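Visitor: Residue numbers (the numbering used here): 155 to 391. Every residue, glycine too, gets a C-beta built ideally from N, C-alpha and C. Note that the structure is a prediction, hence the values are computed from the model and not measured.
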Ligand SMILES: Nc1ncnc2c1ncn2[C@@H]1O[C@H](COP(=O)(O)OP(=O)(O)O)[C@@H](O)[C@H]1O
Ligand SMILES: [Mg+2]
């Protein structure tokens, strides 16, 4: 059987003054449904670019992506829209609407699905409770710290109950204690809802700590200069 997500020979380049930069080069990657994957790599390795490609924010220069056997480069608009509803990207830098409250930021994304407003509110409030930010629901995102804004962005993603969740350096702006809570929450999404969760981080030691405390092994993919370095497991010690 084919994997849930299949990246085949994915490459993308950006033209710059010094010539083309290949942000990703010939990436082949198979991801099964309900997997928890960590992607590590130094700054500039291509982690964010990979997430933007999987979530259809950008189209690759070469290669193909298949999700549930569907070639994303050739799907028609209806299927593309339904794919977008199943996937949530938590970007490295939160992109919140600063003229709306925290709660409204979540509701806007939920209402796009055509869901009843009462259910939207319930899901949004539950998600804010999960990231421990319910007390800020009527606040303007600009009044929140960078770490809190990142958690709002995460709450917005989890409230949509996506099938695939991509979290780009979710612990970038938060202290170690909170980053453990965030990683736990992401891993629970797989355990409870079979969500396929892919997390990028430069903090390898944090993954080891999670593997140890959960007594669970995690798939680990390393990127460097746009190349997939290796595919291994981080096992509990
Ligand atoms: N829109 C863009 N225009 C030009 N170069 C880009 C663009 N996006 C990413 N890059 C380059 O692609 C490479 C990978 O970037 P990125 O995916 O952000 O890496 P990471 O998230 O691992 O830090 C870097 O060299 C970066 O400068
Ligand atoms: Mg990045």
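Would you kindly report the start and end of the unbroken alpha helix (DSSP H) that includes residue 201?
Guide: It spans 201-208 - the alpha helix (DSSP H) in which residue 201 sits, taken as one unbroken run.
Visitor: Assess, as a yes-or-no matter, whether the region 319-330 is touched by the region 267-282 under the definition of 3 or more beta carbon pairs within less than 8 Å.
Guide: Verdict: no, contact absent.
Visitor: Using 8 Å as the cut-off, can you tell me whether the region 285-292 makes contact with the region 314-325, which would need three or more C-beta pairs spanning the two stretches below that distance?
Guide: Result no; under three Cβ-Cβ pairs closer than 8 Å.
Visitor: Is residue 229 a contact residue of ligand 1, with contact defined as CB to any heavy atom under 7 Å?
Guide: False, no ligand heavy atom lies under 7 Å from that Cβ.
Visitor: At a cut-off of 7 Å, is residue 171 close to ligand 2 when judged by its beta-carbon and the heavy atoms of the ligand?
Guide: Checking every heavy atom of ligand 2 against the Cβ of residue 171, none is found closer than 7 Å.
Visitor: Quick test of your reading: residue 195 and residue 378, contact by CB under 8 Å. State the CB separation rounded to the nearest angstrom.
Guide: Between residue 378 and residue 195 the Cβ distance is about 5 Å, and since that is below 8 Å, they are a contact.
Visitor: So residue 305 packs on residue 264, CB below 8 Å; how close in whole Å?
Guide: That belief does not hold up - the Cβ atoms of residue 305 and residue 264 are roughly 17 Å apart, past 8 Å.
Visitor: Is residue 330 helix, strand or coil by DSSP?
Guide: Helix at residue 330.
Visitor: Going by DSSP in three states, residue 238 sits in which element: helix, strand or coil?
Guide: Looking at residue 238 - three-state DSSP - the assignment turns out to be helix.
Visitor: Could you tell me which of 223, 257 and 338 sits nearest to residue 307, measuring between CA atoms?
Guide: When each option's Cα is compared against that of residue 307, the closest is 257.
Visitor: Leaving out five residues before and five after residue 369 in sequence, what residues of the same chain have Cβ atoms less than 6 Å from its Cβ?
Guide: 390, listed in sequence order.
Visitor: Out of 244, 358, 387 and 388, state which residue places its alpha-carbon closest to the alpha-carbon of residue 312.
Guide: Residue 244 is the option with its Cα nearest to residue 312.
Visitor: Rounded C-beta distance between residue 188 and residue 381? I'm assuming under 8 Å.
Guide: In fact, because the Cβ distance is near 27 Å, the residues do not count as touching under 8 Å.
Visitor: Indicate, with yes or no, if ligand 2 has a heavy atom lying under 7 Å from the CB of residue 184.
Guide: Not so, every heavy atom of ligand 2 lies at least 7 Å from the Cβ.
Visitor: Starting from residue 229 and walking both ways along the alpha helix (DSSP H), at which residues does that stretch end?
Guide: Careful: residue 229 lies outside any alpha helix (DSSP H) and carries neither H nor E.
Visitor: Which whole-angstrom value describes the C-beta separation of residue 217 and residue 164, a residue pair presumed to lie in contact below a C-beta threshold of 8 Å?
Guide: Indeed they touch by this definition, with Cβ atoms about 4 Å apart.
Visitor: Helix, strand or coil: how does DSSP classify residue 144 here?
Guide: Because the chain here runs from 155 to 391, residue 144 falls outside it and cannot be looked at.
Visitor: Check this for me: beta carbons of residue 252 and residue 298, under 8 Å apart or not?
Guide: Result no, Cβ atoms of residue 252 and residue 298 do not sit closer than 8 Å.
Visitor: Taking 7 Å as the cut-off, does the CB of residue 165 come closer than this to any heavy atom belonging to ligand 1?
Guide: Residue 165 Cβ: outside cutoff for every heavy atom of ligand 1.
Visitor: Short of 6 Å in beta carbon distance, which residues of its chain neighbour residue 242, apart from the five on each side in sequence? Order them along the chain.
Guide: So the qualifying residues of the chain are 311, 314, 316 and 319.
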